[in-house]
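>
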Amino acid sequence: MKDAQLTIFCFTARKASSFQTQYTNEGLIRALHCRHEVVSNLRDFGRDEDGIATVWSVFWLVICIAIAGLAVDVTNAYKTRQILQTTADIAAHAGSLELGAVGSSAVIAAVRQSANEFAAINMRADRYGDVLVDSDILIGTWDHEARAFEETEFGSTIAPNSVRVTTRQSGGASSKVGTYFLRFAGFDSFEITATATVQRFVSQCERDGIISSGEVHFSTQQEFLNSFCIHGEGSIAFAQNNRFEAGTVASTPDLENCGPSDTSCTDKHNPGIEDALRAGTYRNGKVAKIGTYFTELQNQYSSYQPSYVDSSKPVIYTDPDNFDASALQTGRVYVVQCTSGESLSLGSSSIGTNNGNGNGNSGGSPSSGTVLKSQFVLVGIDCNLVFDDSIHYEDATFATSATGNNTISGSSGVVLGRDDDCMQGGEVVAITAGSVHFAAKMEAYDVEFIIKDDLHLASNANAKSVHSGSNFYVGGDVRITTKHTFSGCAGSTIPAFDPKYSWRITG
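Taking my numbering as reference, the numbering of the sequence shown is continuous, increasing by one, and the terminal residue is 489.
Printed below as a string of structure tokens:
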């Protein structure tokens, strides 16, 4: 009240002096005193701390909102990221179960349908929107060594082995992840994505290798390249001067049974073998299913039939006297009835005659690849199938119920499969309830042998035999003489019959 009175007094004093234009000593003193009081009151106001709590409250409210935004909104975004990642993993895995032939629109559609179905189960559209769309489902190949994914183009010759899925909450078909507190700072939502790649693969020994339920014996001067695998459930034995490239595998349950002497499985005698050696066992289940394969391949509607068989065309039944390998038609299934042990020539030079005894010293046939035959299935009932170098086979399946020795054999220079580093197509399958014997200079590219008894591959001192991307599933023993080269493939070599698939999340 005093301050108010003083202020009025000062104003009145100034007004009076203004009107009277006279300054008495008393008026001057009062004016100076008034000025002093005003300045003093302004200083007191500056020092007054009344109301500071309000300022601090506003300041701490801003801090609390920021902390709450970090605690609640960021945590919610992180949780959503985890859900998106889990959904991507599940969708990619589901899609990879549908992988099949490359370039098939039906397979691509099946992959997308399966991936979308499982994504919708994990993150409902009514809550999250469409977190996965077809354009974010890619089919391709995964290079495990390079850690790289490459999308497969339609019509590619490389079979896809992977599915990559990207799930999103970033607007568009899906909703963004909104904020509760950070919106007060102008941050309304998060855009979140998650990616998963799942690869379908077969094991190294299943893909490119020799798997024997018995003993495996190699002579000298063999080469094992590009991750090729050898397994002998009974034992493995190598003479000397066999070369093992890094990454190859030589396995048996007991490494004490390796070679004819204690030093055979050393780098001194067989360079690279020490790194290749593995102790392990392998169940050779395909050999046990030979009877099933033989029966199923006689039915053009069977799921075991390769994709090149035209199921609308009836099976062709014949016998060796009326069979001509050079007249084989694409898309057809042939069933040939033989008498026990009768030979069925698969060369073009004769009908029903064995053109070689498998020792590499007979023949006289035209040069390799004179005739190319492909895309058919041939089943021999009690037939000994005999190949020579006059016909080169690609995209073909052979099976025989014959038992005993040389149920599948070939003279020198036989060529099976397509030499394309195991790109899609060109594979040959040969199945027998007996044994197999091929002469020297054999070339096998992406060939799958399923043999109930023994396998013998002969040699020639002047020529090598080449086996690239080929699988040998043998129920008996394996004996390989000198100068053979076995190698894996750069392409996706997948066994034609009952492959043992595994799946892994790669990125």
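A virtual CB, placed ideally from N, CA and C, is assigned to each residue, including glycine.
None of these values were measured; they are calculated from a predicted model.
Return the chain-ordered list of same chain residues with a C-beta closer than 6 Å to the C-beta of T382, the five sequence neighbours on each side being excluded.
Start at 1 with the first residue of the sequence shown, and residue 382 comes out as number 400. Contacts found: G362, C365, L367, T389, T414.
> Let me know the secondary structure DSSP gives I45 once reduced to three states.
Along the sequence shown, one-based indexing puts residue 45 at 63. I45 falls in the helix class under three-state DSSP.
> Since G416 contacts N387 with CB under 8 Å, what's their CB separation in whole angstroms?
Counting from 1 along the sequence shown, the entry for residue 416 is found at position 434. Counting from 1 along the sequence shown, the entry for residue 387 is found at position 405. The Cβ separation is near 7 Å, so the contact holds.
> Who does Q181 pair with in a DSSP beta bridge?
Translated into the one-based positions of the sequence shown, residue 181 becomes position 199. Beta-bridge pairing links Q181 to S144, R486.
> Who are the near neighbours of L310 in its chain, counting only those whose CB is closer than 6 Å to its CB and skipping five residues on each side?
Taking the first residue of the sequence shown as 1, we reach residue 310 at position 328. Taken in chain order, the residues that qualify are K355, F358.
> In terms of residues, what are the limits of the beta strand (DSSP E) holding S469?
Taking the first residue of the sequence shown as 1, we reach residue 469 at position 487. That run of the beta strand (DSSP E) goes 466 to 469.
> Is E446 helix, strand or coil by DSSP?
Here residue 446 corresponds to residue number 464 of the sequence shown, with the count starting at 1. With the sequence shown as reference, residue 446 is identified as Lys, and Glu is not the correct amino acid for it. Three-state result, K446: coil.
> Tell me whether Y60 sits in a helix, a strand or coil according to DSSP, three-state version.
For the purposes of this step, residue 60 is taken as residue 78 along the sequence shown, with counting starting at 1. Correct three-state label for Y60: helix.
> Residue ranges of each beta strand (DSSP E) run of no fewer than 3 residues wholly in the stretch 79 to 125, ordered along the chain?
Runs found: 119 to 125.
> Could you tell me the distance, in whole angstroms, from the CA atom of D301 to the CA atom of Q319?
The residue labelled residue 301 in the question sits at position 319 within the sequence shown. The residue labelled residue 319 in the question sits at position 337 within the sequence shown. Taking the straight line joining both Cα atoms gives about 5 Å.
> Indicate whether A228 and I218 have their beta-carbon atoms separated by less than 9 Å.
Position 246 of the sequence shown, counting from 1, holds the residue named residue 228. Position 236 of the sequence shown, counting from 1, holds the residue named residue 218. Their beta carbons are not under 9 Å apart, which means A228 does not touch I218 by this criterion.
> Could you have a look at A176 and say whether DSSP puts it in helix, strand or coil?
For the purposes of this step, residue 176 is taken as the residue at position 194 of the sequence shown. Looking at A176 - three-state DSSP - the assignment turns out to be strand.
> In chain order, which continuous runs of the beta strand (DSSP E) of length 3 or greater are located wholly inside the stretch 361 to 410?
Whole beta strand (DSSP E) segments, 3+ residues: 373 to 382, 390 to 392.
> For the stretch 252 to 259 against the stretch 276 to 288, do three or more pairs of beta-carbon atoms, one drawn from each stretch, fall closer than 8 Å, so that the two count as touching?
With the cut-off at 8 Å, the stretch 252 to 259 and the stretch 276 to 288 do not touch.
> Based on DSSP bridge pairs, tell me the residues matched to I72.
Indexing the sequence shown from 1 puts residue 72 at position 90. DSSP output for I72 lists no bridge partner at all.
> With a Cβ-Cβ cutoff of 9 Å, do V410 and L437 count as a contact?
The sequence position of residue 410 within the sequence shown is 428, counting from 1. The sequence position of residue 437 within the sequence shown is 455, counting from 1. No. Outside cutoff.
> I need the boundaries of the alpha helix (DSSP H) containing G273, first residue and last residue.
Along the sequence shown, read from residue 1 onward, the residue named residue 273 stands at position 291. Segment 272 to 278, the alpha helix (DSSP H) holding G273.
> Label G338 either buried or exposed according to how many other C-beta atoms from any shown protein chain fall within 10 Å of its C-beta, with 16 as the threshold for buried.
Within the sequence shown, the letter at position 356 stands for residue 338. Here the model assigns G338 a pLDDT of 39, short of 50, so the residue's position is not dependable, and the following value carries that caveat. Counting Cβ neighbours within 10 Å, G338 comes out buried, since at least 16 surround it.
> Would you list the one or two residues that DSSP bridges to G254?
Residue 254 sits at position 272 when you count from the first residue of the sequence shown. Answer by DSSP bridge pairing: none, since G254 is not bridged.
> Output the distance between the C-alpha atoms of E205 and T69, rounded to the nearest integer angstrom.
As a working note, residue 205 is residue 223 in the sequence shown. As a working note, residue 69 is residue 87 in the sequence shown. For E205 and T69, the distance between alpha carbons rounds to 46 Å.
> On the three-state DSSP scale, how would you describe G416?
As a working mapping, residue 416 is identified with position 434 in the sequence shown. G416: coil per DSSP, three-state reduction.
> Identify every residue that forms a DSSP beta bridge with A426.
Mapped onto the sequence shown, residue 426 falls at position 444. Answer is L398, H449.
> Just curious, the alpha helix (DSSP H) that A165 is in, first and last residue?
Residue numbering aside, residue 165 sits at position 183 when the sequence shown is read from its first letter. Going by the sequence as given, residue 165 is Arg instead of Ala. No alpha helix (DSSP H) holds R165; DSSP gives it neither H nor E.
> Determine the burial state of N444: buried for a count of at least 16 other Cβ atoms within 10 Å of its Cβ, exposed for fewer.
For this step, residue 444 is matched to residue 462 along the sequence shown. Flag for N444 reads exposed.
> Let me check one thing: in DSSP terms, what residues is C320 bridge-paired to?
Working through the sequence shown from its first residue, we reach residue 320 at position 338. Answer is none; C320 lacks a bridge partner.
> Tell me, please, which residues DSSP counts as bridged to Y264.
Along the sequence shown, one-based indexing puts residue 264 at 282. Bridge partners of Y264: none, in fact.
> Taking C-beta to C-beta, are R146 and A74 nearer than 9 Å?
What you label residue 146 is simply residue 164 of the sequence shown in a count that begins at 1. What you label residue 74 is simply residue 92 of the sequence shown in a count that begins at 1. Cβ distance < 9 Å, so R146 and A74 count as in contact.
> Just grab the DSSP bridge partners of Q151 for me.
Within the sequence shown, numbered from 1, the residue matching residue 151 stands at position 169. Bridge partners of Q151: I174.
> Taking the C-alpha atoms as reference points, what is the distance between V40 and A48?
For the purposes of this step, residue 40 is identified with residue 58 of the sequence shown, where counting begins at 1. For the purposes of this step, residue 48 is identified with residue 66 of the sequence shown, where counting begins at 1. Using only the alpha carbons, I get a separation of about 13 Å.
> In its own chain, which residues sit with a C-beta less than 8 Å from the C-beta of Y264, not counting the 5 before and 5 after it?
The sequence position of residue 264 within the sequence shown is 282, counting from 1. C187, I193, H213, E215, S233.
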